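Peer 1:
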Amino acid sequence: LMACMTPRDLAGKRVMVTAGPTREPLDPVRFLSNPSSGKMGYALARAAEYRGADVTLISGPVHLPAPFNVHTVSVRTAREMAAAAFEHMASADIIIKTAAVADYRPKETSDHKIKKGEGDKILELERNADILMGIGQRKEGRILVGFAAETQNLRENALGKLERKNLDMIVGNIVGQPDSGFGSDTNRVSLFFRDGTREALEPMPKDAVANIILDRVAGLMT
Ligand code: CTP
Ligand code: CA
Numbered sequence: 179l180m181a182c183m184t185p186r187d188l189a190g191k192r193v194m195v196t197a198g199p200t201r202e203p204l205d206p207v208r209f210l211s212n213p214s215s216g217k218m219g220y221a222l223a224r225a226a227e228y229r230g231a232d233v234t235l236i237s238g239p240v241h242l243p244a245p246f247n248v249h250t251v252s253v254r255t256a257r258e259m260a261a262a263a264f265e266h267m268a269s270a271d272i273i274i275k276t277a278a279v280a281d282y283r284p285k286e287t288s289d290h291k292i293k294k295g296e297g298d299k300i301l302e303l304e305r306n307a308d309i310l311m312g313i314g315q316r317k318e319g320r321i322l323v324g325f326a327a328e329t330q331n332l333r334e335n336a337l338g339k340l341e342r343k344n345l346d347m348i349v350g351n352i353v354g355q356p357d358s359g360f361g362s363d364t365n366r367v368s369l370f371f372r373d374g375t376r377e378a379l380e381p382m383p384k385d386a387v388a389n390i391i392l393d394r395v396a397g398l399m400t
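Counting from 179, one number per residue, gives the positions in the sequence shown under full-length UniProt numbering.
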């Protein structure tokens, strides 16, 4: 009876996960984005549901099936993701932000396809608001987990984000390597906590990483 072995340790908890990239349109057929696959966030949503949580997944454009029994909200831009995240955070006990939010959007979006003949341009960008920072400022009793995608200085950068964004835990991820990060089915991460402790995990499937993250989240709640 496998059902008896299912750890329902998140029963009654409401979990919000954000996942995937955002797309910032330049015109109707072009956008700025990044290669986030959404796999880590979807693995977390599936694992949390399996462990009994009531899960909302706010997802940028990805090529993954909507997880079973998870309330999935599809968004495209960072501003749409922010609106959905701020709406749903009110009814969340645990918030995990894996999304690779575009830091900038084009200052102007053309309503028609930009033609070569329009001449060379300098693309003007403006900053997207930091969604996680906004959530951190009004987190109250919620458990807040962020991700830090880095190509260098993982510890220093991750600890800076943990502090600045008022997180309980940050998952530091060296990206741009074959066994880790964008697009991969496996991930090599380190978990950083507020008490200064660090837990370096071996490379492992994203489903396994998701369950360890949820183990630590469950630990923070007791
Ligand atoms: N994040 C967010 N909103 C943004 C940018 C990032 O919510 N506009 C969140 C991500 O979902 C992630 C965390 O912040 O959980 C860290 O994202 P990351 O890109 O690593 O850090 P930044 O703070 O954007 O800093 P930088 O890109 O300069 O390293
Ligand atoms: Ca960023």
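Ideal placement from N, C-alpha and C gives every residue a C-beta, glycine not left out. These numbers come from a predicted model, not from an experiment.
Leaving out five residues on either side along the sequence, give the residues of the same chain with a beta carbon under 7 angstroms from the beta carbon of residue 304.
Peer 2: Excluding sequence neighbours, residue 304 sits near 282, 283, 285.
Peer 1: Closer than 7 angstroms to a non-hydrogen atom of ligand 1 - does that hold for the CB of residue 256?
Peer 2: Checking the Cβ of residue 256 against ligand 1 gives yes.
Peer 1: Return yes when at least one heavy atom of ligand 1 lies under 7 angstroms from the C-beta of residue 279, else no.
Peer 2: Yes.
Peer 1: With the cut-off set at 8 angstroms, would you say residue 323 and residue 395 are in Cβ contact?
Peer 2: In contact: residue 323 and residue 395 (Cβ atoms closer than 8 angstroms).
Peer 1: Is it right to say residue 301 is buried, meaning 16 or more other beta carbons lie within 10 angstroms of its own, or is it exposed?
Peer 2: Result: exposed.
Peer 1: In the DSSP output, which residue or residues are listed as bridge partners for residue 249?
Peer 2: Answer is 234, bridged to residue 249.
Peer 1: Does the contact criterion of 3 or more C-beta pairs under 8 angstroms hold for the segment 225-240 versus the segment 185-202?
Peer 2: Yes: at least three Cβ pairs fall under 8 angstroms.
Peer 1: Over the uninterrupted alpha helix (DSSP H) stretch that includes residue 331, give me the two end residues.
Peer 2: That residue, residue 331, is in no alpha helix (DSSP H); it is neither H nor E in DSSP.
Peer 1: What does residue 199 pair with, by DSSP beta-bridge criteria?
Peer 2: 278.
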